[in-house]
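**Student:** Residue numbers (UniProt numbering), protein chains in the order written: chain E, 1 to 515; chain P, 1 to 209. Backbone N, C-alpha and C fix where the C-beta goes; we use that ideal spot for every residue, glycine too. Because the structure is a prediction, the values reported are computed rather than measured. My structure is below; once you've seen it, I'll send some questions.
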Amino acid sequence: MSVNLGIPAVRSSGEGNLFAHEKFQSAAKRELKNEQLRANLRHATHTIRDKRLNVVSELPDWEELRESGSRIKENVMARLPELLEQFEAAFTARGGVIHWANDATEANAIVTSLIRATGETEVVKVKSMATQEIGLNEHLESLGINAIETDLAELIVQLGHDRPSHILVPAIHKNRTQIRDIFRAEIPNASPDLTDNPKELAATARAYLREKFLNAKVAISGANFGIAETGTLGVVESEGNGRMCLTLPETLITVMGIEKILPRWEDLGVFMQLLPRSSTGERMNPYSSLWTGKNGPDGPQNIHLVMLDNGRTRALADKNGRSALHCIRCSACMNVCPVYERTGGHAYGSTYPGPIGAILSPLLTGITAEENSSLPYASSLCGACFDACPVKINIPEILVDLRAQDVEAQHSVRKAPTEMDVLMKGASWALSSGTRLKFLEKGLPAGRLLAGKDQRISWLPGIAGGWTSSRDIPAPPQSSFRDQWAQREKFQKSQGSQQSQQSQASQKPTGKQGE
Amino acid sequence: MGAKEDILSRVRVALQGDAPVTDIPREYRQSGTMNQDQLIDHLTDRLVDYKAEVKVVLATDLQGAIAEFLANARSVVVPHGLDAEWIAGVADADVVTDSPEAPVPVDQLNATDAVLTSSAVSVAESGTIILDGTPTQGRRAISLVPDQHVCVVPASTIVEILPEAMPRLEPSHPQTWISGPSATSDIELERVEGVHGPRRLSVIIVKDA
């Protein structure tokens, strides 16, 4: 009989592209200065959210679908060991091979060895958050394997040596002229006369990638769903690049987070109504592919799946934050978020931007990891993300919980008394006496010196720095309320004596009535 | 095997002490209310919205409708189980049959103008046509690589909402769900039809004669 010690020996924290390397607050400050980005984002998020509202209002049972979706995911988390084993049995029975990866390093090593076994040095890729999370492209590149992104936006980002800024429309921060310049510079055989017409740009990408699709021997994908009872994998997309990758090459390697499981075939009927409407605001995305292992001469002959943890079990262990794993990567939350709309996706640092990223990244890595502790503060807690989420993830509640975890973590590393204690003692001393407060208020004009041209203070020294690290303070007024009150009294008194003189004067007829 | 055990053991530890799982409520619509004419109208409306071309015909006019859509195709590929009558009206094009035993090479598919297939199930509400790899629909590659896809939808295969379609589908068959032609909105959110899949989707809805 084995004894369960309750502490798994292997590390469980997420790694790869999950870390913000800079505090959100300072990254946001820089990104806010990018006017092009803000204009593009505003247009994009507003357009998508309006489309989404239209198609959601078409469904009389939208709330019932959300409720079922949410409860199916809850059910998945609670039954995960059993469902994962059921999925593995069904997938394997149909000729697929499953590999398990604790973290990004292991997943990258598995994919690399699978590619090496084919002898290929170039692979085509379907857009996938999981492979971006583990930094697969960078890893393969360092080993001399060229992974070509085939989603148009991902291709733009890859050719532009850039990073995605949105999980649905990763190149939304680039406008058409910038894209034309990237294509002219980076796509061999691109016409020097290429204009910035989106049709022409798409045709250029089509011609460039078609040759790759027809010759590729290995493809890499993520998966939107894995169905436990049947062993089926599913990918939703728009352009057909996914279909090309999933059906033409000989070898298909899929990387999927362990939380992507759905118990039953019929559950797909719920999620395929929730996902497209929430993400692109369409009734259905143009193409979805579903495959269950090998299918004779239809599709790849070597079917591999890497089951990825990379911090998911850590997030699962957080009972308050666990529901972040319900996320189906639709991006509805970022399209309604006032913070995301202004800062853009790069400010979040991690693969997952926006409200979901602000909870998912720290849950996967742990709140103490690098700069990820700043992410739960990247929110006004307005609640729009909760309303928009098709699987009802209570993002604001999890944000508050993670802030509490962060404060606790900070407390444990600091020496007593805390800054807060000192501040509170000081405030109590000042506020308990009118004379003391009056004396302190004399210092207000000095505070104005700290404010910038925009009349906002975004940095305070010493113990007050904790406050300004995540918010700006309006510059203090020229003078205190007391002083202004005293001024007003004085003014009214002098006005009062003048007025009584005037009112006496007005009783005399002047001959200029109604003036 | 090591990683699998590590992961499952961490999952079990994470779930320790949790309350038992409750049933999943499924209060959403499980069946539609439309009659066949309404289903055809609804599906047509959705498909046209996606910029697909749609013809609604009686079974007796199917051959003519196919010939009209394929008027400009010089070469057409068909799956081996397709009714030979369907393509008989297309006189001017080379017709190639794809089968599991003799799959058409991808280079040849790339040089082929059009593909003609049937379909398994269609969902009116979302404008989705589902192909399931059976002999009237063929391998996934044939409906992907040529530039035009002419797809026949028998009226009896149309359902109103997705939950009605799920039990009609066999999960072990590879499936392609098609809602309009290939499209992208990645450049300034301006929709462009036809990136990598067929640029033209031509749908023929066949009413019972």
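Out of P146(P), R26(P), L162(P), state which residue places its alpha-carbon closest to the alpha-carbon of L39(P).
**Tutor:** Mapped onto the second sequence, residue 39(P) falls at position 39. Closest option to L39(P), Cα to Cα, is L162(P).
**Student:** Run the proximity test for V115(P): is its beta-carbon closer than 7 Å to any non-hydrogen atom belonging to the ligand MN?
**Tutor:** This structure lacks the ligand MN; in fact it carries no ligand of any kind.
**Student:** Taking C-beta pairs closer than 8 Å, name the residues in chain E that H196(P) reaches, listed in chain order.
**Tutor:** The residue given as residue 196(P) occupies position 196 in the second sequence. Under the 8 Å cutoff, chain E gives T150, R206, L209, R210, F213, E239, G240, N241, R243, M244.
**Student:** Closer than 7 Å between beta carbons: that is the criterion. Which residues of the stretch 19-30 of chain P meet it against chain E?
**Tutor:** The residues in question are V21, I24, P25, R26, E27, Y28, R29.
**Student:** For L262(E), write down the residues that DSSP places opposite it in a beta bridge.
**Tutor:** Within the first sequence, numbered from 1, the residue matching residue 262(E) stands at position 262. The partner list for L262(E) (beta bridge, DSSP) reads I227(E).
**Student:** Can you look up P474(E) in the DSSP assignment and give me helix, strand or coil?
**Tutor:** The count along the first sequence starts at 1 and reaches residue 474(E) at position 474. The answer is strand: DSSP assigns P474(E) an E or B state.
**Student:** Name the DSSP beta bridge partners of I178(P), please?
**Tutor:** Residue 178(P) sits at position 178 when you count from the first residue of the second sequence. Bridge partners of I178(P): Y287(E), I129(P).
**Student:** Apart from the five residues on each side of it in sequence, which residues of its chain come closer than 6 Å, Cβ to Cβ, to A65(P)?
**Tutor:** As a working note, residue 65(P) is residue 65 in the second sequence. Cβ neighbours of A65(P) beyond the five flanking positions: K55, V57, I204.
**Student:** Starting from the C-beta of D267(E), find all residues in its chain whose C-beta is less than 6 Å away, skip the five residues before and the five after it, and write them out in chain order.
**Tutor:** Position 267 of the first sequence, counted from the first residue, corresponds to residue 267(E). So the list reads I72, once near-sequence residues are dropped.
**Student:** Please state the DSSP three-state secondary structure of H99(E).
**Tutor:** Locating residue 99(E) in the first sequence gives position 99, where the first residue counts as 1. Here H99(E) sits in strand by DSSP.
**Student:** With 16 other CB atoms within 10 Å as the buried threshold, where does L53(E) fall?
**Tutor:** Position 53 of the first sequence holds residue 53(E). Classification for L53(E): exposed.
**Student:** So who's on the other strand from residue 604(E), going by DSSP bridges?
**Tutor:** Nothing in the structure corresponds to residue 604(E), since chain E is present only between 1 and 515.
**Student:** Mind pulling the alpha helix (DSSP H) runs of 4 or more residues that sit fully within the UniProt domain "LUD" (107-206) of chain P?
**Tutor:** List check, alpha helix (DSSP H) in window: 162-165.
**Student:** Less than 6 Å between C-beta atoms, sequence neighbours within five positions excluded: which residues of the same chain meet that for E15(E)?
**Tutor:** Position 15 of the first sequence, counted from the first residue, corresponds to residue 15(E). Closer than 6 Å at Cβ, skipping near neighbours: D103, A104.
**Student:** Determine the chain P residues that contact L248(E) at a beta-carbon separation under 7 Å, and present them in chain order.
**Tutor:** To locate residue 248(E), count along the first sequence from 1; it is residue 248. Within chain P, the residues near L248(E) are V106, A141.
**Student:** Hey, is the stretch 223-243 of chain E in contact with the stretch 120-134 of chain P, meaning 3+ C-beta pairs nearer than 8 Å?
**Tutor:** They do not touch, by the three-pair rule.
**Student:** Relative to the C-alpha of A59(P), which candidate in Q137(P), E85(P), E160(P) has its C-alpha closest?
**Tutor:** For the purposes of this step, residue 59(P) is identified with residue 59 of the second sequence, where counting begins at 1. Among Q137(P), E85(P), E160(P), the Cα nearest to that of A59(P) is on E85(P).
**Student:** Let's test the definition: count the other Cβ atoms within 10 Å of the Cβ of M307(E) and tell me whether it reaches 16, buried, or not, exposed.
**Tutor:** Residue numbering aside, residue 307(E) sits at position 307 when the first sequence is read from its first letter. Buried is the call here.
**Student:** Using a cut-off of 8 Å between C-beta atoms, extract the partners of A59(P) located in chain E.
**Tutor:** For this step, residue 59(P) is matched to residue 59 along the second sequence. What A59(P) touches in chain E: nothing, since even the nearest Cβ is about 27 Å away.
**Student:** Which of the three DSSP states is assigned to L194(E) in this structure?
**Tutor:** If you number the first sequence from 1, residue 194(E) lands on position 194. Note: L194(E) maps to coil in three-state DSSP.
**Student:** Rounded to whole angstroms, what is the Cα-Cα separation between V3(E) and S13(E)?
**Tutor:** Residue 3(E) sits at position 3 when you count from the first residue of the first sequence. Residue 13(E) sits at position 13 when you count from the first residue of the first sequence. Here V3(E) scores only 44 on pLDDT, less than 50, and its place in the model should not be relied on; the value that follows carries that caveat. Cα to Cα, V3(E) sits roughly 24 Å from S13(E).
**Student:** Indicate the three-state DSSP secondary structure (helix, strand or coil) for G2(P) in the structure shown.
**Tutor:** Taking the second sequence and counting its residues from 1, one reaches residue 2(P) at position 2. It is helical.
**Student:** Go through its chain and collect everything with a Cβ distance to E341(E)'s Cβ below 7 Å, but skip five positions before and after it.
**Tutor:** Walking along the first sequence from the start, residue 341(E) turns up at place 341. Hits under 7 Å: L41, R42, T45.
**Student:** For I130(P), tell me which candidate among A14(P), L169(P), V76(P), E190(P) has the shortest Cα-Cα distance.
**Tutor:** Taking the second sequence and counting its residues from 1, one reaches residue 130(P) at position 130. If we check each option's Cα against that of I130(P), L169(P) comes out closest.
**Student:** Please look up how many angstroms separate the CB atoms of P263(E) and N75(E), rounded, as I've assumed it's under 8 Å.
**Tutor:** Locating residue 263(E) in the first sequence gives position 263, counting from the first residue. Locating residue 75(E) in the first sequence gives position 75, counting from the first residue. Right, the Cβ-Cβ distance comes to about 7 Å (below 8 Å), so this counts as a contact.
**Student:** For a contact meaning CB atoms closer than 7 Å, what does A3(P) contact in chain E?
**Tutor:** The sequence position of residue 3(P) within the second sequence is 3, counting from 1. Within chain E, the residues near A3(P) are W100, A101, N102, E106.
**Student:** Could you list the residues in the stretch 47-65 of chain E with a C-beta less than 7 Å from some C-beta on chain P, going in chain order?
**Tutor:** The stretch 47-65 of chain E vs chain P, Cβ under 7 Å: T47, D61, E64, L65.
**Student:** Could you please give me the residues that DSSP links to I303(E) through a beta bridge?
**Tutor:** Residue 303(E) sits at position 303 when you count from the first residue of the first sequence. Answer is G96(E), L252(E).
**Student:** Examine chain P for any beta-carbon lying closer than 8 Å to the beta-carbon of P8(E), and answer yes or no.
**Tutor:** In the first sequence, counting from the first residue as 1, residue 8(E) sits at position 8. The predicted position of P8(E) is uncertain, since its pLDDT is 46 and thus under 50; no value can be drawn from it.
**Student:** Let me check understanding here. Comparing Cα to Cα, which of S412(E), R30(E), A388(E), L431(E) lies closest to D50(E)?
**Tutor:** Translated into the one-based positions of the first sequence, residue 50(E) becomes position 50. Of the candidates S412(E), R30(E), A388(E), L431(E), the one whose C-alpha sits nearest the C-alpha of D50(E) is A388(E).
**Student:** Given a threshold of 16 other Cβ atoms within 10 Å of its Cβ, counted over all protein chains shown, does T33(P) qualify as buried or as exposed?
**Tutor:** Taking the second sequence and counting its residues from 1, the one referred to as residue 33(P) is at position 33. Exposed, because fewer than 16 other Cβ atoms sit within 10 Å of the Cβ of T33(P).
**Student:** Give me the Cα-Cα distance between A90(E) and L84(E), rounded to the nearest whole angstrom.
**Tutor:** For the purposes of this step, residue 90(E) is taken as the residue at position 90 of the first sequence. For the purposes of this step, residue 84(E) is taken as the residue at position 84 of the first sequence. Rounded to the nearest angstrom, the two C-alpha atoms are 10 Å apart.
**Student:** Below 7 Å on C-beta distance, what does Y352(E) contact in chain P?
**Tutor:** Residue 352(E) sits at position 352 when you count from the first residue of the first sequence. The premise fails here: Y352(E) is roughly 19 Å from chain P at the closest Cβ pair, so nothing lies under 7 Å.
**Student:** Can you pull the chain P residues whose beta carbon is under 8 Å from the beta carbon of G199(E), in chain order?
**Tutor:** Position 199 of the first sequence, counted from the start, is the residue given in the question as residue 199(E). The sequence shown places Lys at residue 199(E), not Gly. V192, listed in chain order.
**Student:** Got a sec: which bits of the stretch 40-64 of chain P sit with their beta carbon under 9 Å from any beta carbon on chain E, in order along the chain?
**Tutor:** Going along the stretch 40-64 of chain P in chain order, one finds R46, D49, Y50 with a Cβ nearer than 9 Å to chain E.
**Student:** When DSSP labels each residue in this structure, what does S433(E) get in the three-state scheme?
**Tutor:** What you label residue 433(E) is simply residue 433 of the first sequence in a count that begins at 1. Three-state result, S433(E): coil.
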